[in-house]
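Chains as they are written, first to last, in our numbering: chain A, 1 to 293; chain B, 294 to 772. Cβ coordinates follow ideal geometry from the N, Cα and C atoms, glycine included.
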Amino acid sequence: MSAPKHGEIDPISGQGTTGHEWDGIKELNTPLPRWWLWTFYACILWSVGYWIVYPSFPLISGFAPGFAGYSSRGAVMAEIDSVRARRADAAAGLASASLTQIRNDPKMLEIALAQGKTAFGDNCAPCHGAGGAGAKGFPVLADDDWLWGNSLDEMAATITHGIRAATDDQTRSTMMPAFGKDGLLKRDEVAAVANHVRVLGQLEPEKGANLALGANLFSENCAVCHGAEGKGDRSLGAPNLTDAIWLYGSDVAAISATIHNPRNGVMPAWRDRLDPVTIKSLTLYVQSLGGGR
Amino acid sequence: MSETGADYDGPLYAPAKKVFPQSVKGTFRRIKWALLVFCLSVYYLLPFVRWNRGPGMPDQAVLVDLEHSRFYFFFIELWPQEVYYFTGLLILAALALFLSNALFGRVWCGYFCPQTIWTDLFLQVERLIEGDRRERMMLDAAPWTGDKVRKRVLKHMVWLAIAWWTGGAWLLYFADAPTLVRDLATFQAPMTAWIWIGVLTFTTYALAGHMREQVCLYMCPWPRIQAALTDPDALNVAYRADRGEPRMSLKESTRIRAKGERAGDCIDCFQCVAVCPTGVDIREGSQLGCIQCGLCIDACDSVMAKIGRAPRLIAYDNDENSKRRMAGRSMAFRQVRARTVLYAGLIALVGAVMLYALATRARFALSVLHEKTPLFVTLSDGSIRNAYTLRFSNKWAQKRDFEIAVGGLQGALALSPDLPDGAGSPLKVSVEPDSTRAIRIFVTAPKGLKIDKFSSITFVARDLGNAETVRVDDHFFAP
């Protein structure tokens, strides 16, 4: 068998062959169009243009930034700035408008709720949970039970100055005494009061509990803040003991623990960290979670 | 040794063959002109057709409104979530292409493909400025004289002008056409408009002016697919070799026939090649480069008429009839066969499904999203509350009022903090024309109601205008 010959003409198609042959099958030479070659070269030139205009190859420290000064981070920032600029009017409105005005203006409210949602996720959700779901010791913000009030102004004040925040002299500072730890009540007295609190909350007391003693001690020690009927007092942050919501649990042990040594929960004063518009937005967002008035 | 060494003498890259299609007159040329005028008229003028959709809505019959994510086509308005209709259209388009191929071969390539139509238009411009085939060949070979420069510059200017209008017309489908035309004329149009017109001007000019048949030969997948789809009964433009061969000059054939011997009808005049827009020789049989525009039929028919022979030596024909003629049998065209019936049936089926979906689609939609954090909330009176976000989509051009009823959970109360009359029962929501509205709804199961951890709940929205209802099932969670 003779060696394949380059450029041999295929008798059937009349086309030249490349000289490649496998088991008697010869490859036809079907040349690419020349414009394809030029397009290919043009693409190579185009890519060189990219190196020059855009950030491309690494240098010893850093990288070649390119003449256009483009960066994807910069592009995102420019986009964010343009969105801010487009919202500037409404955002400026947020700064000067009162909370009620914002709530009654659908356009401002939309922006406030959107900002509030983001700020809530960044600042509040770690304790209060996403959507204000709450956790033991951290109040649920989606329910209708509010220690310090649920009007817009009361909520704004709570967020601004915090609760028992050491950094803020206008903070909500009332505290429950440590009745057991400080020796104000004895161990069995604490248990009696705890059982009485369960009765207030329409829960079953323990068998054999001294309810008369509990009621007596309650009116002497607790009613000042929590009210004679245990309905609480929002101006003092004293919880309503007759409802179905228990921040630290509702069994005798949990209530006793609170009476013995209350936690007196703390929330930071957010005016130290957030600007007034963000606090307004947060107030409106938290109110929208379901507990607003 | 070297496989592609010095002794290799074939070219690796082939220069494009210069094609100078000659003008031609005849049936198929007339059909092509008519279709060209029709298709281009639709393309250039459709954006200016108005369609009244009511106040506040665009009045352009065909409009792709990217900014507001709407597609308008006369009485049809599509929202982004309805883009699947385009999938149906693409399936229909593919099936129509298959059917047309099974019936008449590459009829799409020859008559309807934009590449064919604009190339035809550009070729006509070239003919008007530089002359017909012979003059153009001579001009191409001629040295660069003032006359040649003048003709070439004029031709490219006209091409660029057409290309600019082509690119411009494309943009008119994406904005209000009269406004955009005015803005372009007064140089007020946005930069993106100019950039896109520039890009499309370039592609039109390059593809229709310079690339022409190269697009069909090297870029387009359809010729490859078509070759795999064709069958012996599909009609394709074909040279009837059984009648034409052996080809010989008129003089020679007269002499041979006088002797009583057989001579083919083809006189090898090359008119079929001269008029071919892709420069192929149809007498070599069906091939990749043949777009089956039928211009060679016109060319051959006019030659046959001049020499007094029967027309349609080149004709829409198929392998089957070629065999039949050679066997001395009469021709038969089987257009109704399993393949064409199947394609037509599928087209009818897909078309019917799409029409049904379009005709019966709801003009308003409701989606319900259950609040996940928290799944439920215990309220101070011991009742259990779940929160839902309901999104209404009003596809009408008018403001619509809806009523929501919450069912499936006996004794549960629904209220919405987002509605002025949020505690009314049933809840009433009005939604602005052509927009969506989300409202939050709190559903509360009173204390003492026996509920499972996981119960069914339904939201039924009723359009107060026409009593159309949409029902969405969801769940209610409890501790």
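Contact set for residue 328/B: own chain, Cβ-Cβ below 8 angstroms, skip 5 residues either direction: 404, 405, 410, listed in sequence order.
In this structure, how does DSSP classify residue 370/B when only helix, strand and coil are distinguished? Per DSSP, reduced to three states, the secondary structure at residue 370/B is strand.
Per DSSP, what kind of secondary structure is residue 20/A in: helix, strand or coil? Correct three-state label for residue 20/A: strand.
Proximal residues to residue 131/A (C-beta, below 7 angstroms), its chain only, five neighbours per side dropped: Cβ within range, chain order: 142, 289.
Less than 8 angstroms between C-beta atoms, sequence neighbours within five positions excluded: which residues of the same chain meet that for residue 596/B? The answer, listed in chain order, is 560, 562, 564.
Do residue 94/A and residue 108/A come within 7 angstroms of each other at the CB atom, strictly closer than that value? Yes; because the gap between Cβ atoms is below 7 angstroms, this pair is in contact.
Just list the beta strand (DSSP E) runs in the stretch 616 to 667 of chain B, keeping only unbroken ones of 3 residues or longer that don't cross its boundaries, in chain order. As summarised for the stretch 616 to 667 of chain B, the continuous beta strand (DSSP E) elements at least 3 residues long and confined to that stretch are 657 to 663, given in chain order.
Would you kindly report the start and end of the unbroken alpha helix (DSSP H) that includes residue 720/B? The continuous stretches of alpha helix (DSSP H) do not include residue 720/B, which lies in the beta strand (DSSP E) extending over residues 720 to 724.
Apply the 10 Å Cβ neighbour rule to residue 43/A and answer buried if 16 or more other Cβ atoms are within range, or exposed otherwise. Here residue 43/A is exposed: its Cβ has fewer than 16 other Cβ atoms, across all protein chains shown, within 10 Å.
Looking at chain B, which residues of the stretch 54 to 85 of chain A have a Cβ within less than 7 angstroms of any of its Cβ atoms? If the cut-off is 7 angstroms between Cβ atoms, the stretch 54 to 85 of chain A has nothing near chain B.
If we define contact as Cβ-Cβ less than 7 angstroms, is residue 213/A a contact residue for chain B? Residue 213/A does not count as touching chain B.
What separation, rounded to the nearest whole angstrom, lies between the Cα atoms of residue 663/B and residue 272/A? When rounded, the distance between both Cα atoms is 35 angstroms.
Can you list the residues of chain B that residue 24/A reaches, using a CB-CB cut of under 7 angstroms? None at all; the shortest Cβ gap to chain B is about 17 angstroms.
Around the C-beta of residue 145/A, are 16 or more other C-beta atoms found within 10 angstroms, so that it is buried, or is it exposed? If you draw a 10 Å sphere on the C-beta of residue 145/A, you find 16 or more other C-beta atoms in it, and that means buried.
For residue 225/A and residue 294/A, the rounded distance between their alpha carbons: The structure shown does not extend to residue 294/A, since chain A spans only 1 to 293, so no value can be given for it.
To the nearest angstrom, report how far apart residue 257/A and residue 206/A are at their CA atoms. A straight line joining the alpha-carbon of residue 257/A with that of residue 206/A spans about 16 angstroms.
Along chain B, in chain order, which residues have C-beta atoms closer than 9 angstroms to that of residue 140/A? Neighbours of residue 140/A on chain B, chain order: 667, 670, 671.
Verify whether the separation of the beta carbon atoms of residue 507/B and residue 307/B is less than 7 angstroms. The Cβ-Cβ distance between residue 507/B and residue 307/B does not fall below 7 angstroms.
So if I threshold CB-CB distances at 7 angstroms, which residues from the stretch 106 to 120 of chain A count as touching chain B? Considering only beta carbons, no part of the stretch 106 to 120 of chain A lies closer than 7 angstroms to chain B.
Could you pull out every residue in the same chain whose Cβ sits closer than 8 angstroms to the Cβ of residue 181/A, ignoring the five residues on either side in sequence? Take residue 181/A, set aside five residues on each side of it, and the residues of its chain with a beta-carbon closer than 8 angstroms to its own are 260, 261, in chain order.
Spatial neighbours of residue 127/A within its chain, please: CB distance less than 6 angstroms, with the 5 preceding and 5 following residues excluded, ordered by chain position. Excluding residues within five positions, the ones whose Cβ falls inside 6 angstroms are 138.
Can you list the residues of chain A that residue 664/B reaches, using a CB-CB cut of under 7 angstroms? Contact of residue 664/B with chain A by beta-carbon distance below 7 angstroms involves 131.
At a Cβ threshold of 7 angstroms, is residue 520/B touching chain A? With 7 angstroms as the cut-off, residue 520/B does not count as an interface residue toward chain A.
List, from N- to C-terminal side, the alpha helix (DSSP H) runs of 4 residues or more that fit wholly inside the stretch 345 to 415 of chain B. When DSSP assignments are scanned along the stretch 345 to 415 of chain B, the uninterrupted stretches of alpha helix (DSSP H) that are 4 or more residues long and fall wholly within it turn out to be 377 to 397.
Could you pull the start and end residues of the beta strand (DSSP E) that residue 678/B belongs to? Per DSSP, residue 678/B is one residue of the beta strand (DSSP E) stretching across 677 to 687.
Contact with chain B by residue 234/A, beta-carbon distance below 7 angstroms: No, residue 234/A lies away from the interface with chain B (no Cβ there is under 7 angstroms from its Cβ).
With distances taken Cα to Cα, identify the nearest neighbour of residue 558/B among 578/B, 598/B, 334/B, 574/B. Answer by Cα proximity: 598/B.
Step through the CB atoms of chain B and report whether any lies within less than 7 angstroms of the CB of residue 87/A. Taking 7 angstroms as the CB threshold, residue 87/A stays off the interface with chain B.
Pair every Cβ in the stretch 747 to 755 of chain B with every Cβ in the stretch 763 to 770 of chain B, then say whether three or more of these pairs are closer than 8 angstroms. With the cut-off at 8 angstroms, the stretch 747 to 755 of chain B and the stretch 763 to 770 of chain B touch.
On the three-state DSSP scale, how would you describe residue 300/B? Since pLDDT at residue 300/B reaches only 45, below the 50 mark, its modelled position is unreliable, and the value read off the structure follows with that caveat. Assignment of residue 300/B by DSSP, reduced to helix, strand and coil, places it in the coil class.
Under DSSP, the alpha helix (DSSP H) around residue 253/A begins and ends at which residues? In the DSSP annotation of this structure, the continuous segment of the alpha helix (DSSP H) that includes residue 253/A starts and ends at 252 to 260.
For a cutoff of 7 angstroms on Cβ pairs, would you count residue 675/B as touching chain A? Answer yes: the Cβ-Cβ gap between residue 675/B and chain A drops below 7 angstroms somewhere.
Please give me, in chain order, every unbroken run of the beta strand (DSSP E) with length at least 3 that falls completely inside the stretch 18 to 61 of chain A. Counting only runs of 3 or more, we get 25 to 28.
Can you name the residues of chain A whose CB is closer than 9 angstroms to the CB of residue 305/B? Ordered by position in chain A, the residues that pass the 9 angstroms Cβ test against residue 305/B are 29, 31, 32, 37.
Check each candidate in 151/A, 254/A, 55/A and name the one with the smallest Cα separation from residue 234/A. Taking only the C-alpha atoms, the option nearest residue 234/A is 151/A.
For residue 488/B, which three-state DSSP category applies? Residue state, collapsed to three classes: helix.
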